[in-house]
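Heads up: the structure comes next, in C-alpha cells.
Number of protein chains: 2
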Amino acid sequence: MKILVMGSVALDTVQAPTGSVKDAVGGSAYYFAHGARSLASTAMVSVVGQDFPEQELRDMDELGIDRTGLKVSEGKTFRWEGRYLEDMNVRETLGTELNVLQDFVPFVPEHLRRSRLVFLANMGPETQSAVLEQTKKPWFTACDSMNLWIQHHQDRLLELLRKVDMFFLNDEEARMLTQKTCLVSAGKAVRELGPKWVILKRGEHGSMLFGGGPPFLLPAYPTERVKDPTGAGDSFAGGCLGYLAWRGSVSEEALRLLWLWEVSWLPSRSRSSAPGD
Amino acid sequence: MKILVMGSVALDTVQAPTGSVKDAVGGSAYYFAHGARSLASTAMVSVVGQDFPEQELRDMDELGIDRTGLKVSEGKTFRWEGRYLEDMNVRETLGTELNVLQDFVPFVPEHLRRSRLVFLANMGPETQSAVLEQTKKPWFTACDSMNLWIQHHQDRLLELLRKVDMFFLNDEEARMLTQKTCLVSAGKAVRELGPKWVILKRGEHGSMLFGGGPPFLLPAYPTERVKDPTGAGDSFAGGCLGYLAWRGSVSEEALRLLWLWEVSWLPSRSRSSAPGD
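Order-wise, the sequence lines are chains W and C.
Just so you know, we're using my numbering here: the first sequence kicks off at 1297 and counts up by one.
Just so you know, we're using my numbering here: the second sequence kicks off at 1297 and counts up by one.
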C-alpha cells in the first residue's frame, strides 16, 4: 500500500547543547519518508534547489524512497536555522530562508495520484489542499500543521480539516486552535472540526489518540541521550502511517495494538518471582 | 495477602481553582489504604488527635480498613493547608501543624507484624525504619519520601533505601537525589542506591518503572475535570501494591501486565474497518 507525502525538504542548521550541525538534510517530507519507508512503499512530493547534494538524492533511491515527485528547481534549497535550549522541549527559530519553497506549486505525478495513503506534512493549508485535489480516492488521508496557519490562515485550515481522516498536532497548537487548556478537552474539540482521528503530540511526554472511544495515551520511548529532536514529529507520523499501511486497516483496535505491540515485549530474564520468595 | 501501611492521617485544608475544602480527611496512609483496600486486606499504623471525626473512623471500618494500629492520642490531628495554582501540577504549602505527629513513635500491633507487604509512606526515614524493624520477614517492602528528607536526612534515607524492595518518588525528588536531569538516567541511578524496583511519578505525565529490563512507561489516566490532586501519589502506590498483593507475585512481567491489563480494553464499537473502505 503506497504512501504519498507532500512536505518540505530542507537544509537545517541546528545548535543544541549536545553540538551543532550545518546544512544537514531535513524537512518534514524527508523525515516522514524515513519513518515510513521500512514499513511501506513511500513517495514524496517536494522541491529542492540546485544546491541540494547529489549524494543525498542517491541515498533516497537506495532507501527505496520514490522521489519522482521531488522537483529540483533553479535556486537554493529551503533553509531553517534553529537552536535548542538546555531543556530540549524548547527551541528558537534563528532564521528561515524559503528560497525555492517560496513559489512551490505541488504537482503529483500521474502514477502517484492513486496512492492509497496521503500525508500532508506541515505547509500552508492551500498547498495541502492542492495536493488532496490531485489525488484519486485515497483510502486514508492525514495532515499536520503549525501555529502560523492556526493564527493567520485558520479558515483555510478548517476547510482542510473537514476533508482529512487524521490530524497530527502538538499540545500548544491544540490549545491555540480550541482555546481549551485541558488537553483531553482540546483533543475532543479538535475532532469536532472534522478529522475522525486526532493525534496530539506532547514531545517527551508521548502522545494522545482521540478516536471513537476514550482518549488513548502513548508514552514516548525513553532515551538518555537526545542529540537533536528536529523532525521527531514527522518521523513519528511516518511510523504511524507506515504501520497503518503495513497493517492495511485503520481502527481504534489497530491504533491501540500499535502500542501494545511495542510494550508487550517482556524480557525473559525478568520472569522470575518475588524478591522475598 | 495483608498490606501494612505506615504514614499520616491528616485534616487537610485545600484551595484549588475548582473550589476549596476545610479539614477534609487525608494523609498518606489514609489515601494509600483507600487505593489498596479493594484489592487486598489493608491495615494502617498512624496517629490522629481527639478532634478526629468519629464518623470517619466508622467509615474506615465499613470499608474493611484495619485501624487497630491507628492510635487516637491526646491533642489535635496533623493538619496541612495548601493551594493549587491554575496549573494543578504546582502547589504551595500554606501551613503545616504537626500536632500529634510531632512525637509519633510508630507501634505495629502484634497481629500485624507478619503482614506480607509493607508500605512506608512519606515520613522521616528513622520513623520508617522503626516500622520495618518491628515487622517479621515481609515478602515485599516499599517506601515513599520527600524533598525535606532528601535535603536534610539523606544519610538515614540512603540507609532505608538499602532495605526496601521498591521506592516511589517524583521527578523533582529523583533529580534532587541523583543530581541528574534526564529522568531515565536519574531512575537508573536511584536503583543503584538499593531498591530493586523504582517507580518515578510524573503527575499528569504518568510514571516510569525501573526494574531489570529497560525503563517501562505508564501514562496517567486522562481526565477532563481535576478537582483536587492531593493524595494522588499515595493512592497510586496503594493501587500498585494492592495489585501485587492480589496477584501474589512481583516480577517485571507482573508490573507490565498491570498496565497491559488496563490498556487492552478495546471498545467493541471500534472494531470497525477503515474510513475509506
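Where is the CB? At the ideal position from N, CA and C, for every residue including glycine.
Contact set between the segment 1505 to 1518 of chain C and chain W, restricted to residues whose Cβ is under 9 Å from the partner:
Cβ contacts with chain W: G1507, G1508, G1509, P1510, P1511, F1512, L1513, L1514, P1515, A1516, Y1517 and P1518.
Could you give the C-beta distance for W/G1365 and W/L1416, rounded to a whole number, given that I count them as a contact under 8 Å?
For W/G1365 against W/L1416, the beta-carbon gap comes to about 13 Å, at or over 8 Å, which does not count as contact.
C/C1285: which of C/S1316, C/L1335 and C/T1314 sits nearest, CA to CA?
Residue 1285 of chain C lies beyond the residue range present for chain C, which begins at 1297 and ends at 1573; the question has no answer from this structure.
Starting from the beta carbon of W/C1478, find every residue of chain C whose beta carbon is closer than 7 Å, and list them in chain order.
Ordered by position in chain C, the residues that pass the 7 Å Cβ test against W/C1478 are E1520.
Who are C/D1362's beta bridge partners in DSSP?
C/A1339, per the DSSP bridge assignment.
Quick one: what does DSSP say W/W1435 is sitting in, helix, strand or coil?
Correct three-state label for W/W1435: coil.
Give me the Cα-Cα distance between C/G1507 and C/V1546, rounded to the nearest whole angstrom.
C/G1507 and C/V1546: Cα-Cα distance of roughly 11 Å.
Could you tell me which chain C residues have their CB closer than 7 Å to the CB of W/H1501, listed as they occur along the chain?
Close to W/H1501, with beta-carbon spacing below 7 Å, are these residues of chain C in chain order: H1501.
What in chain W is Cβ-close to C/S1411, meaning under 8 Å?
When 8 Å is used as the limit between beta carbons, C/S1411 is near no residue of chain W, the shortest such separation being about 12 Å.
Can you list, in chain order, the residues of its chain whose CB lies under 6 Å from that of W/Y1380, leaving out five sequence neighbours each side?
Here W/Y1380 has A1312 and R1387 as same chain residues with Cβ atoms under 6 Å from its own Cβ, once five neighbours each way along the sequence are excluded.
If you follow the alpha helix (DSSP H) that C/V1305 is in, where does it begin and where does it stop?
In the DSSP annotation of this structure, C/V1305 is not part of any alpha helix (DSSP H), being labelled neither H nor E.
With distance defined between alpha-carbon atoms, name the residue in W/R1333, W/Q1475, W/P1511 and W/V1401 nearest to W/E1548.
By alpha-carbon distance to W/E1548, the top candidate from W/R1333, W/Q1475, W/P1511 and W/V1401 is W/P1511.
Just curious, the alpha helix (DSSP H) that C/G1544 is in, first and last residue?
No alpha helix (DSSP H) contains C/G1544, which DSSP labels as neither H nor E.
Suppose you measure from the CA of W/S1369 to the CA of W/T1477; what does that come to, to the nearest Å?
If I take the Cα positions, the gap works out to 43 Å.
For W/W1493, which residues does DSSP report across the bridge?
Assignment of beta-bridge partners to W/W1493 by DSSP yields W/M1462.
Between the alpha carbons of W/V1414 and W/S1324, how many angstroms are there, rounded?
Straight-line spacing of the CA atoms in W/V1414 and W/S1324 works out to 14 Å.
Does W/S1481 have its Cβ less than 8 Å from a Cβ in chain C?
W/S1481 has a beta carbon lying within less than 8 Å of a beta carbon in chain C.
C/E1429: buried (16+ other C-beta within 10 angstroms of its C-beta) or exposed?
So C/E1429 counts as exposed.
Residue of W/E1468, W/N1466 and W/S1441 minimising C-alpha distance to W/L1456
Of the listed residues, the one whose Cα sits closest to W/L1456 is W/S1441.
For W/P1402 and W/V1341, believed in contact at Cβ under 8 Å, the rounded distance:
Correct: roughly 5 Å between the Cβ atoms.
So C/D1362 and C/A1339 are in contact, right, with Cβ under 8 Å, and what is the actual spacing, rounded?
Contact holds; Cβ gap of about 4 Å.
Which residues bound the alpha helix (DSSP H) around W/E1455?
For W/E1455, the enclosing alpha helix (DSSP H) has its first and last residue at Q1450 to L1457.
I'd like to confirm the pairing. Which residues does DSSP put opposite W/G1322 in its beta bridges?
W/A1306.
Of all the options C/F1348, C/K1298 and C/G1529, which has the alpha carbon lying nearest to the alpha carbon of C/S1411?
When only C-alpha atoms are compared, the closest one is C/K1298.
Quick check on DSSP: helix, strand or coil for W/Y1539?
Helix, per DSSP.
So what does DSSP say about C/V1368, is it helix, strand or coil?
Reduced to three states, the DSSP call for C/V1368 is strand.
Where does W/A1312 fall in DSSP's three states?
Collapsing the DSSP output to three states places W/A1312 in a strand.
Nearest to C/S1425 (by Cα), restricted to the options C/M1302, C/F1374, C/A1550 and C/R1552:
Closest by alpha carbon: C/M1302.
State yes or no: is the beta carbon of C/T1526 nearer than 8 Å to at least one beta carbon in chain A?
No chain A is present in this structure, whose protein chains are W and C.
Residue range of the beta strand (DSSP E) that C/V1414 falls in?
Where C/V1414 is concerned, the enclosing beta strand (DSSP E) stretches over L1413 to L1416.
Determine the closest residue to W/R1471 out of W/V1460, W/K1484 and W/G1378, with distance taken between C-alpha atoms.
Minimum Cα distance to W/R1471 is reached at W/K1484.
Would you mind working out which of C/P1405, C/L1444, C/K1432 and C/L1453 sits nearest C/E1422, comparing C-alpha positions?
Per the C-alpha coordinates, the member of C/P1405, C/L1444, C/K1432 and C/L1453 positioned closest to C/E1422 is C/L1453.
So, at 6 Å on beta carbons, what are the nonlocal neighbours of C/D1573 in its own chain, with the 5 sequence-adjacent residues on each side left out?
Residue placement at C/D1573 is poorly supported in this model, since its pLDDT is 30, which falls under 50; the coordinates still yield a value, given next. In its chain, beyond the 5 residues on either side, no residue has a beta carbon closer than 6 Å to the beta carbon of C/D1573.
Which residues mark the beginning and the end of the beta strand (DSSP E) in which W/G1378 is found?
Taken as a continuous stretch (DSSP letters only), the beta strand (DSSP E) holding W/G1378 covers R1375 to Y1380.
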